[in-house]
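Just below is one structure, and these are the notes that go with it.
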Amino acid sequence: MQREDTEGDVRGDEDSDNDDDRPVQVPSQWNNYDHSQLLVNEGETVPWEYGENEVSVGAIYHSKIELKEAVQRWAAKSLKKEFGVVKSSPQVYDVKCIRDDCSFRVHAYMGKYDTFGYEPKSIINSIDDDFQYKISYSKAYRAKQKALEMRWGTYEASYHNLPRRNPGSYFEIKHYNLPEDPTKRVLQRAFFVLAACINAFQYCRPVLCIDGTFLTGRYKGTMLTAIATDGNNQVLPLAFAFVESENGDNWYWFLERIKIGKMCVIHDRHKGIMQAVQDLQEGSVQHQRTSKWVDLKSRWCMSLDHLLLNSCQFDVLRDDEVRWEPYSQEAVDSRAPEGLSPLCVRDAEYWRTRSLFR
Numbered sequence: 001m002q003r004e005d006t007e008g009d010v011r012g013d014e015d016s017d018n019d020d021d022r023p024v025q026v027p028s029q030w031n032n033y034d035h036s037q038l039l040v041n042e043g044e045t046v047p048w049e050y051g052e053n054e055v056s057v058g059a060i061y062h063s064k065i066e067l068k069e070a071v072q073r074w075a076a077k078s079l080k081k082e083f084g085v086v087k088s089s090p091q092v093y094d095v096k097c098i099r100d101d102c103s104f105r106v107h108a109y110m111g112k113y114d115t116f117g118y119e120p121k122s123i124i125n126s127i128d129d130d131f132q133y134k135i136s137y138s139k140a141y142r143a144k145q146k147a148l149e150m151r152w153g154t155y156e157a158s159y160h161n162l163p164r165r166n167p168g169s170y171f172e173i174k175h176y177n178l179p180e181d182p183t184k185r186v187l188q189r190a191f192f193v194l195a196a197c198i199n200a201f202q203y204c205r206p207v208l209c210i211d212g213t214f215l216t217g218r219y220k221g222t223m224l225t226a227i228a229t230d231g232n233n234q235v236l237p238l239a240f241a242f243v244e245s246e247n248g249d250n251w252y253w254f255l256e257r258i259k260i261g262k263m264c265v266i267h268d269r270h271k272g273i274m275q276a277v278q279d280l281q282e283g284s285v286q287h288q289r290t291s292k293w294v295d296l297k298s299r300w301c302m303s304l305d306h307l308l309l310n311s312c313q314f315d316v317l318r319d320d321e322v323r324w325e326p327y328s329q330e331a332v333d334s335r336a337p338e339g340l341s342p343l344c345v346r347d348a349e350y351w352r353t354r355s356l357f358r
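The opening residue of the sequence shown carries number 1 in full-length UniProt numbering; numbering runs sequentially from there.
What follows is the structure, given as structure tokens:
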């Protein structure tokens, strides 16, 4: 199978030293990637709220609390100014600089509409009510798109904002040239991990949980994710990728970029993941299949009220975590509710928790 360039791999130093003492290699700065002439497939529009927490003319906030927090951060951290409140009410929030020679002032008010869900049908009705003129659905849709672009910018322009707004992060983009016009490129895959997540992962267990979900917004495809847990058992989103579909090649491309030394990967046994892990597994990546009984438990509890299955499964896993040995079919049968004994223990070597490592 042909593989892409591995220049963007995120790898750790795989030696015999203790994992805790070995420094984690942090990816380099954002690449100087040229996003010009980069095209994306068009689809259904979704409200784009990029920049909603910025203080600028025409900015829109979901609540007055968010507005006040944004003004305070902007004034204190960016402008280094002190301000006083001129007027604060449920409808108006007006502040200005405390110095007489300073022109800094922010005036915000409650808008007429509290949502971006101004659908083309509503635009058609508004034009008809105000001007007694019927416009087509396509014209109303294009008008809405132009209004959103005037306020928030274009989707294509957002690619240029990423490196500027997330310094220290890592990203990689794969594209292909348009056959009809080789000067234009089509976005195929995108991988990114934020700097804050990179730094936080140094203090997490060497365990990743990976999964994929389909996109329902303007751009179709699949989003692949990798998450970890910190010392407080809080979820840490680590890496993301936008790909065409959930298959072996895309999972290989994603996992190749998050492979860091000895790592346990927990997944749902998707065929694409199994294929990718098998290709990558060279002694440094250990993968653990999630227990299929977890799904069975939820189904049986809802339909037949087999609550014993819950304690049965997790007792097995808990004992296995301590003793570091896979459970046999007899061990499972002795705790399983009546009627579930035919369930087989498949691939018993995966019935142990590898998050602690031996």
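Cβ coordinates follow ideal geometry from the N, Cα and C atoms, glycine included.
None of these values were measured; they are calculated from a predicted model.
S242 (DSSP reduced to helix, strand or coil): What you label residue 242 is simply residue 242 of the sequence shown in a count that begins at 1. The amino acid occupying residue 242 in the given sequence is Phe; Ser does not appear at that position. DSSP places F242 in strand when its eight states are reduced to three.
Cut-off 6 Å between Cβ atoms - residues of its own chain near A108, not counting five sequence neighbours on either side: Taking the first residue of the sequence shown as position 1, residue 108 is located at position 108. The residues are L67, Y93.
N247 Cβ short of 6 Å to the ligand HEM heavy atom set: Only the bare structure without any ligand can be found here, which leaves the ligand HEM out of the picture.
Per DSSP, the bridge partner or partners of D279: On the sequence shown, position 279 is the one that residue 279 refers to. Beta-bridge pairing links D279 to no other residue.
Euclidean distance between Cα positions of K174 and K139: Taking the sequence shown and counting its residues from 1, one reaches residue 174 at position 174. Taking the sequence shown and counting its residues from 1, one reaches residue 139 at position 139. Answer to the nearest angstrom: the Cα atoms are 34 Å apart.
Inter-stretch contact at 8 Å, needing at least 3 Cβ pairs: the stretch 249-256 / the stretch 265-285: yes
T225 versus E256: straight-line alpha-carbon distance, rounded: One-based indexing of the sequence shown puts residue 225 at position 225. One-based indexing of the sequence shown puts residue 256 at position 256. Approximately 13 Å, taken between the alpha carbons.
Where S126 falls: helix, strand or coil (DSSP): Here residue 126 is taken as the residue at index 126 of the sequence shown, counted from 1. Helix.
Touching by the beta-carbon criterion (3+ pairs, under 8 Å), the stretch 232-244 and the stretch 187-196: yes
Straight-line gap, P179 to R185 (C-alpha atoms, nearest Å): In the sequence shown, residue 179 corresponds to position 179, counting from 1. In the sequence shown, residue 185 corresponds to position 185, counting from 1. If I take the Cα positions, the gap works out to 9 Å.
CB-CB length for T213 against T222, believed under 8 Å: Here residue 213 refers to the residue found at position 213 of the sequence shown. Here residue 222 refers to the residue found at position 222 of the sequence shown. Indeed they touch by this definition, with Cβ atoms about 7 Å apart.
Of the residues L208, Y118, F83, the one placed nearest Q234, counting alpha carbons only: Position 234 of the sequence shown holds residue 234. Of L208, Y118, F83, the residue nearest in Cα terms is L208.
Contacting residues, own chain, Cβ-Cβ under 6 Å from residue 378 (five flanking each side not counted): This structure gives no information on residue 378, because the portion of the chain shown stretches from 1 to 358.
Contact set for K81: own chain, Cβ-Cβ below 6 Å, skip 5 residues either direction: For the purposes of this step, residue 81 is taken as the residue at position 81 of the sequence shown. Around K81: A75, C97, F104.
For S88, the residue or residues it bridges with in DSSP: Residue 88 sits at position 88 when you count from the first residue of the sequence shown. In DSSP, S88 forms a bridge with Y93.
Beta-carbon contacts of K64 that lie in its chain and below 7 Å, excluding the five residues immediately before and after: Translated into positions along the sequence shown, residue 64 becomes position 64. Once the five neighbours on either side are set aside, the close Cβ partners of K64 are Y93.
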